[in-house]
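Structure first, then comments.
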Amino acid sequence: MLNKTFAIIVILSGFVLANAQVIDVHLHSVTDSKYRGGRPGPTGLVSPKTADEHLKKTIEAMNENRVEYAVVSGSIESLEVYTKADPRFIPGYMDEDELIPIAEFENLVKAGKIKVFGEITAVYKGTTLNDPVYAPYLEMCERYGIPVAYHTGGGPAMTPFNCCPKFRISFGDPFLIEDVLVKYPKLKVYLMHAGEVFFEHALRMMALYRNLYVDLGVLLWVDPIVQDYAVRFLKQAKNARLLDRVMFGTDQMDWPGSTTKAIGYLNSLKYLTPEDKKKILYFNAKTFLGIK
0 MLNKTFAIIV
10 ILSGFVLANA
20 QVIDVHLHSV
30 TDSKYRGGRP
40 GPTGLVSPKT
50 ADEHLKKTIE
60 AMNENRVEYA
70 VVSGSIESLE
80 VYTKADPRFI
90 PGYMDEDELI
100 PIAEFENLVK
110 AGKIKVFGEI
120 TAVYKGTTLN
130 DPVYAPYLEM
140 CERYGIPVAY
150 HTGGGPAMTP
160 FNCCPKFRIS
170 FGDPFLIEDV
180 LVKYPKLKVY
190 LMHAGEVFFE
200 HALRMMALYR
210 NLYVDLGVLL
220 WVDPIVQDYA
230 VRFLKQAKNA
240 RLLDRVMFGT
250 DQMDWPGSTT
260 KAIGYLNSLK
270 YLTPEDKKKI
280 LYFNAKTFLG
290 IK
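Using numbering that gives the first Met the number 0, you'd call the opening residue of the sequence shown number 0 and step up by one each time.
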């Protein structure tokens, strides 16, 4: 009886530990001009109808899941709204449109209004982080210690027809940005979605480049295909002793409810110990982002 009671205590304490603290390194901010609200999404989630409601629901999801900090990426306009609404948001500048001028970028970095460069969406434009257009921004990020968040893997169904005619899954291969890691050895980079379909390439890059991190992004919740990538990636990362550089990220896009689903799925993975989950959910990001 004593052994059974002890086992129950261990299981329950492990669940609590895994949920005790969270840093989400992959959220998105939106404005009314571009928000596509009120539509159904993956796994039955429905997006809030307005950008204001999206912000409210995102904060509610953070509260429910004890999210201590969250990197939120979007336009400068949307970042100002989100960071004013909640100090837990860490502003990440997303290059969804044309890049802002480099002088403006530097001023915003100095002012603390850009603390992460990304999500960088080069794959949606038919290119990679190696594109010369990013070079001055990467140099500046290396100089100021600004982390770079880079989209890897694929995208939503029918992406080339719905928004981005130059998009190709092949551009999301982490191998294609190796020159960047060599050229900027002090640059802090994390691969969003952990390579997705190229997850084994992400692992090989992590083994070679010891300053390279990843986030799990949509792998934890969008659909069974990418959840299978998550399972195989995490098993191999654990076997290769690379879990210390795997971070939790939701990529909630239009669906704030995905945060709860992503954390729930991560906690359901039996081969990860409570200590593994604590690292992924909190401590790895704390180290990477330099949070004291």
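Heads up, the beta-carbon is just placed ideally off N, CA and C, and yes, glycines get one too. A quick note: this is a predicted structure, and the numbers were derived from the prediction, not measured.
Please name the residue or residues paired with residue i in a DSSP beta bridge.
i	result
Ser-72	His-27, Gly-91
Leu-211	Val-188
Val-66	Val-21
Met-252	According to DSSP, Met-252 bridges with nothing at all.
Val-45	Pro-39
Val-245	Val-213
Tell me the DSSP secondary structure of residue i in three-state form.
i	result
Met-157	coil
Pro-39	strand
Met-292	The question about residue 292 has no answer, for the chain in this structure spans 0 to 291.
Lys-278	helix
Lys-260	helix
Starting from residue i, trace the beta strand (DSSP E) in both directions and tell me its first and last residue.
i	result
Lys-190	In the sequence as presented, Lys is not what sits at residue 190; that position holds Leu. Looking at the DSSP string, the run of the beta strand (DSSP E) that includes Leu-190 is 188-191.
Tyr-149	147-150
Between residue i and the ligand ZN, is there a pair consisting of the residue's CB and a ligand heavy atom that are separated by less than 8 Å?
i	result
His-25	In the structure shown, the ligand ZN is absent, as is every other ligand, since no ligand is present at all.
So the alpha helix (DSSP H) residue i belongs to, where does it begin and stop?
i	result
Val-225	223-238
Leu-268	It is not in any alpha helix (DSSP H) - Leu-268 carries neither H nor E in the DSSP assignment.
Asp-51	50-63
Tyr-183	First-last for Tyr-183: undefined, no H or E at that position.
Thr-286	283-288
Met-139	134-143
Since residue i and residue j should fall inside the 8 Å C-beta cutoff, what is the C-beta to C-beta distance between them, to a whole number of angstroms?
i	j	result
Ala-50	Thr-30	5 Å
Val-245	Val-196	Contact flag wrong, Cβ pair sits at about 17 Å.
Gly-117	Met-93	7 Å
Gly-216	His-25	5 Å
Leu-186	Val-147	6 Å
Gln-20	Tyr-281	4 Å
Phe-170	Val-221	Their Cβ separation, rounded to whole angstroms, is 19 Å, which puts Phe-170 and Val-221 out of contact at 8 Å.
Met-205	Glu-177	So it is not a contact: roughly 12 Å between Cβ atoms.
Trp-254	Gly-40	5 Å
Check whether the Cβ of residue i lies closer than 9 Å to any Cβ atom in chain D.
i	result
Tyr-264	Note that chain D does not occur in the displayed structure, where there is just one protein chain.
Which whole runs of the alpha helix (DSSP H) in the segment 95-128 are 4 residues long or more, in chain order? 101-109
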